[in-house]
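Participant:
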Amino acid sequence: MDYSFLIDFLRLKHEITSLEKDILDTWNELQKNPFDMDSANKQILSNKISHPDIAVKVNALPTTIAKPQSQVTEVDNRYILQCQLAFLAGKEMEEQGYGK
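So in my numbering, spot 64 of the sequence shown is number 67, and the numbers just go up one at a time.
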């Protein structure tokens, strides 16, 4: 899904909510080149703590595979961040009344 419209909209806002900040932070993490595994892990953990409902949804996906941290790859972290972004964006849309 293309989130550029949402990201551009959030960047233009003068005040953003904590949910909107998490969306922007997750988006920015995915845009990093080269990808920063340590920073990605911190963002993933931050999202899990701030949004346990989303963590449950991501973990419940049939394509999510639990691995020891030592075996997690860039592909794995990108996947988790992309899933988190999708659920965060959906949550934002619901809060704004677009998901009803």
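For each residue, glycine too, the CB sits at the ideal point set by N, CA and C. Small disclaimer: the values here were computed from a predicted structure and weren't measured.
Which residue comes first and which comes last in the alpha helix (DSSP H) that contains Y82?
Facilitator: The sequence position of residue 82 within the sequence shown is 79, counting from 1. Run containing Y82: 77-98, per the alpha helix (DSSP H) assignment.
Participant: Could you spell out the range, first to last residue, of the alpha helix (DSSP H) harbouring A63?
Facilitator: Counted from its first residue, the sequence shown places residue 63 at position 60. Start and end: 55-63.
Participant: Reducing DSSP to helix, strand and coil, say where K45 ends up.
Facilitator: As a position in the sequence shown, residue 45 is number 42, starting the count at 1. Looking at K45 - three-state DSSP - the assignment turns out to be helix.
Participant: For the stretch 16-40, list the alpha helix (DSSP H) runs that are entirely contained and at least 4 residues long, ordered along the chain.
Facilitator: 21-34
Participant: Nearest to S7 by CA position, among I26, N62, H17, E18, is which residue?
Facilitator: Looking up residue 7 in the sequence shown gives position 4. Checking every option, the nearest Cα to that of S7 belongs to I26.
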